[in-house]
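Everything in the sequence shown is counted per this note's numbering, starting at 83 for the first residue and increasing by one.
Glycine included, every Cβ here is placed at the ideal spot set by N, Cα and C.
All of these numbers come straight from a predicted model, not from anything done at the bench.
In what follows, a structure is listed as structure tokens, so that the remarks can point back to it.
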Amino acid sequence: MPRKVPLTTRRSRPPATTPMEMLRRPVSVWKHLKILSDRGHAEDSILLYEITNQSTSSTRWFVPEDRVEFKTYQKICEFYDKTKRYAQAGAILKSIIQTFPNQRPFSRPSVTTHVAEEDKIELVPDQQDQMDYIWYCYYCILQKTNKLEEAYEALKHIRGQAYKNQKEEELPRILNQIKYVSDTDLTVPEQWKSELPDENSARICSSSIGPILSLLKQKKADKSLVKRYSEQFIGTERHDVYWWLKAAEAIGQDKTYEAIACLKKMSHQNPRVLTEMARLNYQIDKRDEARRLLRTAHSVDPLWVDGMDLLAFLCIGDFATHEKLIEELASTLNKEWPHRIETFVVNGFMVHQVDLDMAWCFSNRAMKCAVPGTDQYVFAVHLKAYCLRTLEVKARPPEVEKYKLEALKLLEEAVDSMPSSTDLGLLYVDTLLEDEEGHRTAKIFATKFLHENPDNVHAKLLKVHVLVNGVSRNPEVNHTKDLFTLLEEVIADHPHIMAAYCFLLNEHARLKNDDKCHEILERLSAARPLISPAKTHKYHRIRADYLLKFKKVIPAYEHLMAAMATGSLVDQAMMANYESEFNSSGEINHDYKNLAFLDPVLPERPTHSSNDSSSSPALQEVVYDHENEQDSSDGEDEEIEDDDE
């Protein structure tokens with residue numbers, strides 16, 4: 083009789099419950115980087131290198147003198163090259179070249195240096211070979227970024243025998259390229275995506291930061307993970323790693339304000355930190371702050387490319403104001419990053435209002451290489467959608483439908499590939515609402531999107547946008563309950579979003595509910611310290627419009643003047659209406675000369691009562707930051723006065 087064999091079933095391995103093992107003793111960041119580089123963890127190494135502020139754009143940067151650390155430094159350069167971050171790789175090589183004997187620091191763009199004969203040092207053969215290797219690597223990087231004249235100069239610096247054959251082969255080729263290729267020509271964009279290993283990766287080691295971030299953002303980490311990982315470091319780097327991980331933990335718990343506060347506690351704000359803060363501010367609809375942070379990142383390090391497409395996107399809404407910034411950004415990207423998708427997107431945004439054919443060309447080249455799931459893909463889709471809309475407006479009747487269908491197909495594919503992207507969702511809904519029959523589809527999409535992203539403020543505003551559109555199409559439709567619920571949630575969680583107050587005031591005014599309008603205006607006044615300085619004029623304009631409706635003429639006129647003083651444009655008809663109400667008011671029986679209403683661009687220092695335990699996290703954060711800013715500015719004024727004396 084055959085032996086009975088028990089049935090076996092294949093089961094997936096349960097997630098590890100034991101804590102991830104760490105180093106027994108803390109070591110320097112360079113030893114961690116060596117561990118990662120020896121294992122070939124490119125993205126892990128680069129991220130750790132940047133968040134600990136070792137990069138060439140930092141104030142802490144130096145070329146390591148220790149032989150092991152120097153090899154690690156070279157390995158970081160290789161990783162930048164491998165991941166197509168050629169500008170950063172070139173910056174590292176350039177920093178090494180400046181330490182060579184017989185070399186003096188050179189300024190961009192020329193790499194030609196001159197040292198007097200009496201100052202020259204005799205080189206040993208091995209030393210010359212090492213220098214030739216660096217010069218050849220630098221030549222390759224310059225060639226990849228289309229800097230042909232500089233690449234030719236770098237090649238001429240190779241003087242030893244080790245790279246003599248390569249030099250002789252490359253010289254005719256580079257001279258031919260210089261003859262027929264312009265430095266301003268953009269190369270074909272390359273696919274690029276930053277891929278950190280996650281917690282399931284086989285490439286995990288104690289120094290690997292990618293798996294830690296993955297666990298924290300998915301709320302799978304144990305409570306001590308951040309502390310245990312950061313305690314592997316020493317010095318300032320331990321502090322920086324700790325707060326970077328705490329920010330990731332807050333993101334995983336949907337605490338965006340807390341994540342921003344954690345990043346502010348780091349010992350530095352280099353472009354990597356500024357870009358992360360900008361993205362978080364953008365997520366909570368603080369667009370002005372996001373633009374300011376990205377602009378700062380660009381000014382700190384012109385070679386920085388991450389987030390520059392977002393910066394251009396945030397600028398095109400007010401192109402006249404930010405035209406110079408976009409042009410300067412496009413010029414820098416054309417020179418330093420001719421192969422990156424961001425360069426084509428920024429160029430497309432810059433020209434899409436003046437040269438549609440060129441913008442269309444940029445959008446097609448960007449879309450060919452953009453990888454779904456990345457920011458580059460989101461903004462490449464935006465650029466192409468803008469071009470299609472403009473073509474639709476300019477087209478003759480037979481072709482209008484063609485461009486409309488093409489835009490709809492593009493956006494349907496985009497939202498399918500990135501279902502959680504609020505930017506693509508809003509663009510898709512706006513396109514649907516342009517059509518008379520698109521409201522139902524837009525409402526279905528917005529409802530589904532909100533169901534899948536219940537805590538996303540943009541998802542709530544998207545649903546509000548669709549509901550308000552429905553009311554404007556058919557005033558008899560009753561969406562009041564859903565609309566008010568969503569708007570109250572938005573204001574409670576994010577009291578700085580003025581669009582929510584506008585929607586609420588309009589709906590209550592439509593329903594002739596004056597008491598509610600008064601209540602919303604009071605809440606708007608309470609949130610005044612949170613509102614971006616760039617939106618001060620909008621705040622005063624809203625107050626002026628509704629105070630006039632309630633026949634509070636003097637306060638309304640005060641806010642109107644404040645709105646005009648801070649940049650609001652008021653047409654003659656509106657001004658005449660105010661003047662008429664003002665002159666006919668019985669409240670005025672003397673010369674009115676109160677100018678205290680002329681609010682400064684920055685909000686006044688909030689009173690201590692506004693910073694109590696019942697305030698929102700956003701209010702507490704902004705009040706604290708604003709007090710610090712005012713204190714520091716007062717100190718600067720005192721120093722200036724002392725200097726003048």
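Where residue i falls, given that 16 or more other Cβ within 10 Å makes a residue buried
{"i": "M68", "result": "This structure gives no information on residue 68, because the portion of the chain shown stretches from 83 to 727."}
{"i": "E277", "result": "exposed"}
{"i": "K545", "result": "buried"}
{"i": "A144", "result": "First, the residue type needs correcting, since residue 144 is Phe and not Ala in the sequence shown. F144 is exposed by the Cβ-count criterion."}
{"i": "T357", "result": "buried"}
{"i": "Y262", "result": "exposed"}
{"i": "K246", "result": "exposed"}
{"i": "F632", "result": "exposed"}
{"i": "R625", "result": "buried"}
{"i": "I602", "result": "buried"}
{"i": "R592", "result": "exposed"}
{"i": "A58", "result": "Because the chain is modelled from 83 through 727, residue 58 falls outside the range shown and cannot be assessed."}
{"i": "L470", "result": "buried"}
{"i": "L257", "result": "exposed"}
{"i": "T504", "result": "buried"}
{"i": "P577", "result": "buried"}
{"i": "P353", "result": "buried"}
{"i": "K116", "result": "buried"}
{"i": "A402", "result": "exposed"}
{"i": "E235", "result": "buried"}
{"i": "D214", "result": "buried"}
{"i": "T618", "result": "buried"}
DSSP-derived helix/strand/coil call for residue i
{"i": "F315", "result": "strand"}
{"i": "V109", "result": "strand"}
{"i": "I291", "result": "coil"}
{"i": "A678", "result": "With a pLDDT of only 43 at A678, under 50, the local geometry of the prediction cannot be trusted, and no value is derived from it."}
{"i": "K346", "result": "helix"}
{"i": "D383", "result": "coil"}
{"i": "L593", "result": "coil"}
{"i": "E31", "result": "This structure cannot settle anything about residue 31, because the visible part of the chain is limited to 83 through 727."}
{"i": "M500", "result": "coil"}
{"i": "H576", "result": "coil"}
{"i": "Q335", "result": "coil"}
{"i": "A372", "result": "helix"}
{"i": "I240", "result": "coil"}
{"i": "I613", "result": "coil"}
{"i": "N429", "result": "helix"}
{"i": "G399", "result": "helix"}
{"i": "A303", "result": "coil"}
{"i": "M390", "result": "helix"}
{"i": "T227", "result": "coil"}
{"i": "Q212", "result": "helix"}
Pair within 8 Å by beta-carbon distance, residue i and residue j
{"i": "A173", "j": "T138", "result": "yes"}
{"i": "A467", "j": "A448", "result": "no"}
{"i": "L509", "j": "H464", "result": "yes"}
{"i": "I179", "j": "Y220", "result": "yes"}
{"i": "R373", "j": "L396", "result": "yes"}
{"i": "L506", "j": "L493", "result": "yes"}
{"i": "A394", "j": "V433", "result": "no"}
{"i": "E571", "j": "K598", "result": "no"}
{"i": "Y628", "j": "L587", "result": "yes"}
{"i": "V550", "j": "A528", "result": "no"}
{"i": "R377", "j": "L407", "result": "yes"}
{"i": "T523", "j": "L532", "result": "no"}
{"i": "Y364", "j": "L385", "result": "no"}
{"i": "V453", "j": "Q314", "result": "no"}
{"i": "I223", "j": "Y155", "result": "no"}
{"i": "H622", "j": "A644", "result": "yes"}
{"i": "V460", "j": "E424", "result": "no"}
Check whether the stretch 115-133 touches the stretch 158-165, counting contact only when three or more Cβ pairs, one atom from each stretch, lie closer than 8 Å. yes
Is the stretch 413-429 touching the stretch 219-229, taking contact as three or more C-beta pairs under 8 Å? yes
Is the stretch 333-348 touching the stretch 108-126, taking contact as three or more C-beta pairs under 8 Å? no
Please give me, in chain order, every unbroken run of the alpha helix (DSSP H) with length at least 4 that falls completely inside the stretch 435-477. 438-451, 457-476
With three or more beta-carbon pairs closer than 8 Å as the criterion, would you say the stretch 338-349 touches the stretch 321-329? yes
Determine, using beta-carbon pairs with one atom in the stretch 479-488 and one in the stretch 438-453, whether at least three such pairs fall under 8 Å. no
Which ranges does the alpha helix (DSSP H) cover as unbroken runs of at least 4 residues, wholly within the stretch 128-191, from first to last along the chain? 149-164, 168-179
Sequence ranges, beta strand (DSSP E) only - wholly within the stretch 623-674, length at least 3: none
Does the stretch 284-302 come into contact with the stretch 101-116, if we say contact requires no fewer than three beta-carbon pairs (one atom in each stretch) closer than 8 Å? yes
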